[in-house]
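Student: Before we start, here is the structure in question, set down as structure tokens.
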Amino acid sequence: MATDFRFPVWFLFLFILSYFSSFSSAADRVTLGEILKDGDNITSKGGDFVLGFFSPTGSSKRYLGIWYADIREKTVIWVANRHKPVHDKKGTFSIDKGNLVVKNGHGNLLWSSNVSVETRNSTACLIDDGNLVILNNDRDAGRLNSPLWESFLHPTDTFLPGMEVFIERQGKERKVFSSWTNESDPSPGRYSMGVDPRGAPQIVIWDGPNRRWRSGHFDGVEFTGVPNVTRSTFFSGFRIQKDNDGRLVITYTASNTSSLVRFQLTMTGSELQQRWDEDKGQWTTLQSRPEGGCDLYNFCGNFAKCDKEVCFCLEGFVPRVPVQWHAGDRTGGCVRRTELECRSNSSVSRNDSAKDDRFLALQRVKLPDYADIADINIDECKIRCLNDCSCNAYAFVRGINCMIWREDLVDIEHFQEGGNTLYVRLDPSEFGKRNKTIKIVVLSILVALAFVVTVAVWLVCRYRARKREPKSTNEIPKNHIVRSGEFSSEFSGPGDLNAEGHQGNGSELAFVSFSFSMVATATDDFSLANKLGQGGFGPVYKGRLPCGQEVAVKRLSQKSGQGDEEFKNEITLIAKLQHRNLVRLLGCCVEGEEKMLIYEYMPNKSLDTFLFDTARKSQLDWRKRFNIIEGIARGLLYLHRDSRLRIIHRDLKASNILLDEEMNPKISDFGMARIFGGNQNEANTNRVVGTYGYMAPEYAMEGLFSGKSDVYSFGILLLEIICGRRNTSFRTDEHSGIIGYAWEKWDEGRSMDLVDRSIWDGCQHDEALRCIHLALLCVQDLAVHRPNMSSVVLMLETDNVRLPLPRQPNYTSTRTVDEDIWPGNQDLPSSNNVTVSVLIGR
1038 MATDFRFPVW FLFLFILSYF SSFSSAADRV TLGEILKDGD NITSKGGDFV
1088 LGFFSPTGSS KRYLGIWYAD IREKTVIWVA NRHKPVHDKK GTFSIDKGNL
1138 VVKNGHGNLL WSSNVSVETR NSTACLIDDG NLVILNNDRD AGRLNSPLWE
1188 SFLHPTDTFL PGMEVFIERQ GKERKVFSSW TNESDPSPGR YSMGVDPRGA
1238 PQIVIWDGPN RRWRSGHFDG VEFTGVPNVT RSTFFSGFRI QKDNDGRLVI
1288 TYTASNTSSL VRFQLTMTGS ELQQRWDEDK GQWTTLQSRP EGGCDLYNFC
1338 GNFAKCDKEV CFCLEGFVPR VPVQWHAGDR TGGCVRRTEL ECRSNSSVSR
1388 NDSAKDDRFL ALQRVKLPDY ADIADINIDE CKIRCLNDCS CNAYAFVRGI
1438 NCMIWREDLV DIEHFQEGGN TLYVRLDPSE FGKRNKTIKI VVLSILVALA
1488 FVVTVAVWLV CRYRARKREP KSTNEIPKNH IVRSGEFSSE FSGPGDLNAE
1538 GHQGNGSELA FVSFSFSMVA TATDDFSLAN KLGQGGFGPV YKGRLPCGQE
1588 VAVKRLSQKS GQGDEEFKNE ITLIAKLQHR NLVRLLGCCV EGEEKMLIYE
1638 YMPNKSLDTF LFDTARKSQL DWRKRFNIIE GIARGLLYLH RDSRLRIIHR
1688 DLKASNILLD EEMNPKISDF GMARIFGGNQ NEANTNRVVG TYGYMAPEYA
1738 MEGLFSGKSD VYSFGILLLE IICGRRNTSF RTDEHSGIIG YAWEKWDEGR
1788 SMDLVDRSIW DGCQHDEALR CIHLALLCVQ DLAVHRPNMS SVVLMLETDN
1838 VRLPLPRQPN YTSTRTVDED IWPGNQDLPS SNNVTVSVLI GR
């Protein structure tokens, strides 16, 4: 009897095994009559992609989509019903009369593949490359297992290896991809991307009907409108070829087929190329276009070129509206200074006048848009342009051949390397002007060199004569190199500058003392045109020394709260400090009531001019911001630990961080700084100075300051750099400042909400989260809980250092202080731009 019992059990087991085996083999498809419900998924045969219903971030609406299977952060590559979501979890996906359909719980049709051929036996299959296809299983139809429909031919915002983008004939643009509206709504947004086949094909991003960016023309190997460095990574792998039906298609093949690579049109209008990093478990951004500035379409207007974010009219052209152009509005573009003869005088034979026109070669440029091509050699190309009065320029590119522009020349960018040569047609008179201009420039250079040599000889002679004369103790020699210790007689007496009660003489470091007349000449008598800014100390002017060096002149205002003590601080401190992230002091001027400091000139001014300007903040992408954060941290570490003097800055803020031509940060303004002795860790002052909003609690309320005071200010600055907003801009009924807002987002697990939206696409999430975490450690209420700067630098530059959890802040630097501490007529929430000095009795 036992034997009779075991037989049906084994038979049942084999039946179940057989059933699940057949089910597993069909797990990558949906057949006719099957219904995929919300909560059920199918997975491609190789296990790379999943199809099912999902909800975007921050939304409860349901969409049928395809996403990567083994990536924890759900990355959706295709959405079916992006126009009509399911409002509950009762949606279904099935095959109806040969079409793929999505319906809601009431049976209403929300989406259909709209296949025109009706079949009696078809299957929806998810392929290993992420393509969803309808296969025809109807033997009578004559195309057994041939795709009737493919999701790759109806993409949303993502381009994957294996996709084919068809190129329309006869110059017709084709918009293929469309961005999501926002991260919670996959419906088509304002940006679209596709191919413009005119001339040679190029990838274009549109903002509505207007072009936002283009890749430049394809020469058979690469797209020519991006710099060489970008081409080798971002666009290598693209090919244009014919498919089985003879149509031209753009395809992409990754150099490493084992890596997951995707191109996405983002919600902010950028084309983002990313690769999955298995070790880090996240998407790594390889490139993003456009980056802003010159990358944006026709940034400088017609007949102009963009070079390092600066606009220039092409040679032979002038601004169309000079007043607007010089005011920074380049939308009007440029026009010819001298019209071509064949256009200005109809009585002149076109061929005769064409012989006189000449071409100016613009090298290493992104060629203009709207070109026509011809299969002729370069000499014939030039002749064809000369014989066509409407021709403005020509170029000859290997792989494309002759390119001719009959319309305005638009969207030209100058590259440091790479690019192509554009031959711009000009009236012959322009070349005479050009030669004359070259002669004038050469003559001017020779005159300037002669002047510099004369001045140098005069200075040497005067210096030698002064050395032979007895020195006066009442006057500082003009144009004479002095040492910082020689100012000790004028700025004598005890003060904050002394370390352990001893005055530093600084005799080993020298800087130049300038005369007032020389500084006035250098700044054009302190003209408003040369004024760079205004601080609590007074104005700062741009100047140019006789040798040609550009400088920044800080002129101490007599009305400033900072006097001899602060001026002495800057001279003695900065003259002794040498670090790449600290501003360099070149000299000073002391005559009568005038006191001035002369610094190296920073062409990009201060950090706040970029960070808090909505039009310029996008120029500070995440990589630049992170480099600035690291540079500030290294500069502070030098002040606190590595310099010969231990220095507390006490006024660290965005306006005191200057940026050089390569956007490297340099800490400036040491008027409020204090020197610590070798064993001194904390000091007390009854004169609280600094900027309200950046002060540590113990300093603002008790006058106690230390290296941890600068750490607190660094934390505030770090949050501002991440957010792209001022500390004071976060004051609301719910938050008293940036600290409260940051803590709320941290506590909710939504720290990335802090990241400036203008840099969201190119942001490295792990670095951003680490910086936010570090900032919250730096702004903790008690100084003992904050890290020192050596720990801050280590946490920034080392990924495997485990950061402690921050404590919830109870005090913020923007809370109101007891009224009896502050003067009654002072507005408590002072601006971040203003340095305040407040007397507090303790």
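So the mapping is simple: my numbering equals the position in the sequence shown, first residue as 1, plus 1037. No residue lacks a Cβ here, since even glycine has one placed at the ideal position from N, Cα and C.
(1) Could you round the C-beta distance between methionine 1633 and lysine 1591 to whole angstroms and report it? I think they count as a contact, below 8 Å.
(2) Using 9 Å as the threshold, is the C-beta distance between glycine 1672 and proline 1640 below it?
(3) What did DSSP end up calling alanine 1408 once you bin it into helix, strand or coil?
(4) Quick check on alanine 1364: buried or exposed, where buried means 16 or more other Cβ atoms within 10 Å of its Cβ?
(5) With C-beta atoms as the reference, is isoleucine 1685 less than 9 Å away from leucine 1676?
(6) When you compare each of Ala1430, Ser1292, Leu1644 and Arg1066 to glycine 1459 by their alpha carbons, which one comes out closest?
(7) Where DSSP assigns a beta bridge to alanine 1559, which residues make up the other side?
(8) Just the Cα atoms here: how many angstroms apart are alanine 1064 and valine 1258?
(9) Out of Asp1406, Ala1485 and Cys1428, which one is the CA nearest neighbour of cysteine 1379?
(10) Thinking C-alpha only, which one of Asn1847, Pro1846 and His1822 is nearest leucine 1840?
(11) With arginine 1299 and glutamine 1311 assumed to form a contact (beta carbons below 8 Å), what rounded beta-carbon distance in angstroms separates them?
(12) Is glycine 1262 closer than 9 Å to serine 1252 when the C-beta atoms are compared?
(13) What residues in its chain sit with their C-beta under 7 Å from that of aspartate 1790, if we drop five residues either side in the sequence?
(14) Can you give me the Cβ contacts of alanine 1733 inside the same chain, cut-off strictly under 6 Å, excluding the 5 residues immediately before and after it?
(15) Using the beta-carbon count (16 or more within 10 Å), is aspartate 1412 buried or exposed?
(16) Given a cut-off of 9 Å, decide if glycine 1585 and proline 1576 are closer than it, judged by their beta-carbon atoms.
(17) Can you give me the C-alpha to C-alpha distance between leucine 1614 and arginine 1621, rounded to a whole angstrom?
(18) Give the range of the beta strand (DSSP E) segment to which arginine 1249 is assigned.
(19) Between which two residues does the alpha helix (DSSP H) holding leucine 1302 run?
(20) With a threshold of 16 other CB atoms inside 10 Å of the CB of lysine 1317, please say whether the residue is buried or exposed.
(21) Report the rounded CA-to-CA distance for threonine 1651 versus serine 1795, giving the unit in angstroms.
(22) For alanine 1739 versus leucine 1648, is the C-beta distance shorter than 9 Å?
(23) Decide if alanine 1398 is buried, meaning its Cβ has at least 16 other Cβ atoms within 10 Å, or exposed.
(24) So, at 7 Å on beta carbons, what are the nonlocal neighbours of phenylalanine 1340 in its own chain, with the 5 sequence-adjacent residues on each side left out?
(25) In whole angstroms, what separates the C-alpha of glycine 1329 from that of asparagine 1174?
(26) Counting only the same chain and skipping the five closest in sequence on each side, list residues whose C-beta sits under 6 Å from that of phenylalanine 1130.
(27) By DSSP, does tryptophan 1362 sit in helix, in strand, or in coil?
(28) I'd like to confirm the pairing. Which residues does DSSP put opposite glutamine 1586 in its beta bridges?
(29) So what's valine 1620 in DSSP terms, helix, strand or just coil?
(30) Between threonine 1193 and serine 1215, which are expected to be in contact by the criterion C-beta below 8 Å, what is the C-beta distance as a whole number of angstroms?
(31) By Cβ distance below 6 Å, which residues in the same chain neighbour arginine 1662 in space, the five residues on each side in sequence not counted?
(32) Would tyrosine 1407 and threonine 1303 be called neighbours here (beta carbons separated by less than 9 Å)?
(33) Taking DSSP's pairing of strands, which residues face alanine 1161 in a bridge?
(34) Would you report the Cα separation of valine 1067 and lysine 1403, rounded to the nearest angstrom?
(35) Within 10 angstroms of the Cβ of tryptophan 1243, are there 16 or more other Cβ atoms? Answer buried if so, exposed if not.
(36) First and last residue of the beta strand (DSSP E) that includes asparagine 1136?
Tutor: Taking the geometry as given:
(1) Position 596 of the sequence shown, counted from the first residue, corresponds to residue 1633. Position 554 of the sequence shown, counted from the first residue, corresponds to residue 1591. Right, their Cβ atoms sit about 6 Å apart.
(2) Looking up residue 1672 in the sequence shown gives position 635. Looking up residue 1640 in the sequence shown gives position 603. Pairing glycine 1672 with proline 1640 gives a Cβ-Cβ distance that is not under 9 Å.
(3) The sequence position of residue 1408 within the sequence shown is 371, counting from 1. DSSP places alanine 1408 in the coil class of the three-state scheme, outside both helix and strand.
(4) Within the sequence shown, residue 1364 is the residue found at index 327, counting from 1. Looking at its Cβ environment, which holds fewer than 16 other Cβ atoms inside 10 Å, alanine 1364 is exposed.
(5) Counted from its first residue, the sequence shown places residue 1685 at position 648. Counted from its first residue, the sequence shown places residue 1676 at position 639. Their beta carbons are under 9 Å apart, which means isoleucine 1685 touches leucine 1676 by this criterion.
(6) As a working mapping, residue 1459 is identified with position 422 in the sequence shown. The sequence shown places leucine at residue 1459, not glycine. With distances taken between Cα atoms, leucine 1459 lies closest to Ala1430.
(7) Counted from its first residue, the sequence shown places residue 1559 at position 522. Answer is none; alanine 1559 lacks a bridge partner.
(8) The residue given as residue 1064 occupies position 27 in the sequence shown. The residue given as residue 1258 occupies position 221 in the sequence shown. Cα atoms of alanine 1064 and valine 1258: separation of roughly 40 Å, rounded to the nearest angstrom.
(9) Position 342 of the sequence shown, counted from the first residue, corresponds to residue 1379. The residue among Asp1406, Ala1485 and Cys1428 with its C-alpha nearest the C-alpha of cysteine 1379 is Cys1428.
(10) Working through the sequence shown from its first residue, we reach residue 1840 at position 803. Shortest Cα-Cα distance from leucine 1840 to any of Asn1847, Pro1846 and His1822 involves His1822.
(11) The sequence position of residue 1299 within the sequence shown is 262, counting from 1. The sequence position of residue 1311 within the sequence shown is 274, counting from 1. Contact flag correct, Cβ pair sits at about 6 Å.
(12) Locating residue 1252 in the sequence shown gives position 215, counting from the first residue. Locating residue 1262 in the sequence shown gives position 225, counting from the first residue. Using a Cβ distance threshold of 9 Å, serine 1252 and glycine 1262 count as a contacting pair.
(13) What you label residue 1790 is simply residue 753 of the sequence shown in a count that begins at 1. Counting only Cβ-Cβ distances below 7 Å, and skipping sequence neighbours, we find Lys1782.
(14) In the sequence shown, the residue the question calls residue 1733 occupies position 696. Closer than 6 Å at the Cβ level, and outside the excluded window around alanine 1733, lie Ser1746 and Tyr1749.
(15) Along the sequence shown, one-based indexing puts residue 1412 at 375. That one is exposed.
(16) Stepping through the sequence shown from its first residue, residue 1576 is reached at position 539. Stepping through the sequence shown from its first residue, residue 1585 is reached at position 548. In this structure, proline 1576 sits away from glycine 1585, with a CB-CB distance that is not shorter than 9 Å.
(17) Counted from its first residue, the sequence shown places residue 1614 at position 577. Counted from its first residue, the sequence shown places residue 1621 at position 584. Near 8 Å, if we compare the C-alpha coordinates of arginine 1621 and leucine 1614.
(18) Within the sequence shown, numbered from 1, the residue matching residue 1249 stands at position 212. 1247–1251 is the span of the beta strand (DSSP E), which, as asked, contains arginine 1249.
(19) Here the question's residue 1302 lines up with position 265 in the sequence shown. That residue, leucine 1302, is in no alpha helix (DSSP H); its beta strand (DSSP E) goes 1298–1302.
(20) In the sequence shown, the residue the question calls residue 1317 occupies position 280. Lysine 1317 comes out exposed.
(21) In the sequence shown, counting from the first residue as 1, residue 1651 sits at position 614. In the sequence shown, counting from the first residue as 1, residue 1795 sits at position 758. Take the alpha-carbon of threonine 1651 and the one of serine 1795: they are about 9 Å apart.
(22) Position 702 of the sequence shown, counted from the first residue, corresponds to residue 1739. Position 611 of the sequence shown, counted from the first residue, corresponds to residue 1648. Strictly speaking, residue 1739 in this sequence is glutamate, with alanine absent from that position. The criterion of a C-beta distance shorter than 9 Å is not satisfied by glutamate 1739 and leucine 1648.
(23) Working through the sequence shown from its first residue, we reach residue 1398 at position 361. So alanine 1398 counts as exposed.
(24) Taking the sequence shown and counting its residues from 1, one reaches residue 1340 at position 303. Short of 7 Å from the beta carbon of phenylalanine 1340, and not among the five residues preceding or following it, lie these beta carbons of its own chain, in chain order: Cys1350, Leu1351, Phe1354, Gly1370, Cys1371, Val1372, Asp1445 and Leu1446.
(25) The residue given as residue 1329 occupies position 292 in the sequence shown. The residue given as residue 1174 occupies position 137 in the sequence shown. Rounded to the nearest whole angstrom, the C-alpha separation of glycine 1329 and asparagine 1174 is 50 Å.
(26) Taking the sequence shown and counting its residues from 1, one reaches residue 1130 at position 93. Apart from sequence neighbours up to five positions away, the residues of its chain that approach phenylalanine 1130 with a beta-carbon distance below 6 Å are Leu1073, Leu1101 and Val1139, ordered along the chain.
(27) In the sequence shown, the residue the question calls residue 1362 occupies position 325. When secondary structure is reduced to three states using DSSP, tryptophan 1362 falls in the helix class.
(28) Sequence index remark: in the sequence shown, residue 1586 carries index 549 (1-based). Answer is none; glutamine 1586 lacks a bridge partner.
(29) For the purposes of this step, residue 1620 is taken as residue 583 along the sequence shown, with counting starting at 1. The answer is coil: DSSP assigns valine 1620 none of H, G, I, E or B.
(30) Residue mapping note: residue 1193 aligns to position 156 of the sequence shown, counting from 1. Residue mapping note: residue 1215 aligns to position 178 of the sequence shown, counting from 1. Right, their Cβ atoms sit about 7 Å apart.
(31) In the sequence shown, counting from the first residue as 1, residue 1662 sits at position 625. So the list reads Ile1758, once near-sequence residues are dropped.
(32) Here the question's residue 1407 lines up with position 370 in the sequence shown. Here the question's residue 1303 lines up with position 266 in the sequence shown. It is not a contact, given that the beta carbons lie outside the stated cut-off.
(33) For the purposes of this step, residue 1161 is identified with residue 124 of the sequence shown, where counting begins at 1. Val1067 and Ile1171, per the DSSP bridge assignment.
(34) Counted from its first residue, the sequence shown places residue 1067 at position 30. Counted from its first residue, the sequence shown places residue 1403 at position 366. About 48 Å.
(35) The count along the sequence shown starts at 1 and reaches residue 1243 at position 206. It is buried - the Cβ of tryptophan 1243 has at least 16 other Cβ atoms within 10 Å.
(36) Here residue 1136 refers to the residue found at position 99 when the sequence shown is read from its first residue. Counting along the chain, the beta strand (DSSP E) containing asparagine 1136 begins and ends at 1136–1140.
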